[in-house]
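Participant: Handing you this structure, nothing more for now.
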Amino acid sequence: MIAKTIAEQMDQTREMTRFYLSQLKAADPYEIHVINNKKINPIIWEIGHLAVTQNWLVMYLCKGPSERISWAKTFGMGSSPTSNKEDYPPYDEVWNMFKHIHQKSIHFVSELSDKDLLKTIDKDLFFLR
Numbered sequence: 368m369i370a371k372t373i374a375e376q377m378d379q380t381r382e383m384t385r386f387y388l389s390q391l392k393a394a395d396p397y398e399i400h401v402i403n404n405k406k407i408n409p410i411i412w413e414i415g416h417l418a419v420t421q422n423w424l425v426m427y428l429c430k431g432p433s434e435r436i437s438w439a440k441t442f443g444m445g446s447s448p449t450s451n452k453e454d455y456p457p458y459d460e461v462w463n464m465f466k467h468i469h470q471k472s473i474h475f476v477s478e479l480s481d482k483d484l485l486k487t488i489d490k491d492l493f494f495l496r
């Protein structure tokens with residue numbers, strides 16, 4: 368029961384993300400915008416980063432069936448977003464992986480038992496140091 372609630376919350380959060388992304392449909396997904404003198408990552412980078420991060424945090428760390436994403440380093444921690452379209456995989460490929468990883472994560476999390484949810488993560492969480 369708890370796992371299903373967590374999965375539902377994850378899904379509602381993603382729906383909100385998709386709503387905001389839908390408001391940006393007319394924008395160039397490769398452009399780095401500047402707002403109040405601060406650079407904002409390109410839309411494609413944000414989508415790719417969400418896909419790679421969800422795959423790592425939910426699927427890999429929780430020992431689920433994570434995906435091997437050939438372009439993960441393009442969007443992972445320490446990567447540098449660019450406005451050069453050639454630096455990225457095709458937009459549709461990134462968007463489809465974003466949706467696929469989310470659906471796979473929702474299914475995986477919703478099937479976890481209460482005992483599974485109590486297990487500790489035995490991977491190095493170096494980014495929290």
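Under our numbering, think of the first position of the sequence shown as 368, with each following residue one higher.
Just so it is clear, CB atoms sit at the ideal spot from N, CA and C, and this is done for glycine as well.
Between the Cα of residue 445 and the Cα atoms of 419, 431, 396, which residue gives the shortest distance?
Facilitator: Taking the sequence shown and counting its residues from 1, one reaches residue 445 at position 78. If we check each option's Cα against that of residue 445, 419 comes out closest.
Participant: In chain order, what residues of the same chain have a beta carbon less than 7 Å from the beta carbon of residue 431, not counting five sequence neighbours either side?
Facilitator: The residue you call residue 431 lines up with position 64 of the sequence shown. Excluding sequence neighbours, residue 431 sits near 425, 475.
Participant: Have a look at residue 395 and residue 481 and give me their C-alpha separation to the nearest angstrom.
Facilitator: The sequence position of residue 395 within the sequence shown is 28, counting from 1. The sequence position of residue 481 within the sequence shown is 114, counting from 1. Distance between the alpha carbons of residue 395 and residue 481 is about 43 Å.
Participant: Quick one: what's got a C-beta closer than 8 Å to residue 370's C-beta in the same chain, skipping five residues either side?
Facilitator: Against the sequence shown, residue 370 aligns to sequence position 3. Excluding residues within five positions, the ones whose Cβ falls inside 8 Å are 476, 477, 478, 479, 480, 481, 483, 484.
Participant: Do you know offhand how far residue 466's Cα is from residue 404's?
Facilitator: As a first step, residue 466 must be located in the sequence shown, where it is residue number 99. As a first step, residue 404 must be located in the sequence shown, where it is residue number 37. Approximately 32 Å between the Cα atoms of the pair.
Participant: Can you give me the Cβ contacts of residue 458 inside the same chain, cut-off strictly under 7 Å, excluding the 5 residues immediately before and after it?
Facilitator: Residue numbering aside, residue 458 sits at position 91 when the sequence shown is read from its first letter. These residues qualify, in order along the chain: 396, 411.
Participant: Quick one: Cα of residue 398 to Cα of residue 423, how far?
Facilitator: Position 31 of the sequence shown holds residue 398. Position 56 of the sequence shown holds residue 423. Going from the Cα of residue 398 to the Cα of residue 423 covers about 26 Å.
Participant: Go ahead and pull the three-state DSSP assignment for residue 399.
Facilitator: Numbered from its first residue, the sequence shown carries residue 399 at position 32. Residue 399: coil per DSSP, three-state reduction.
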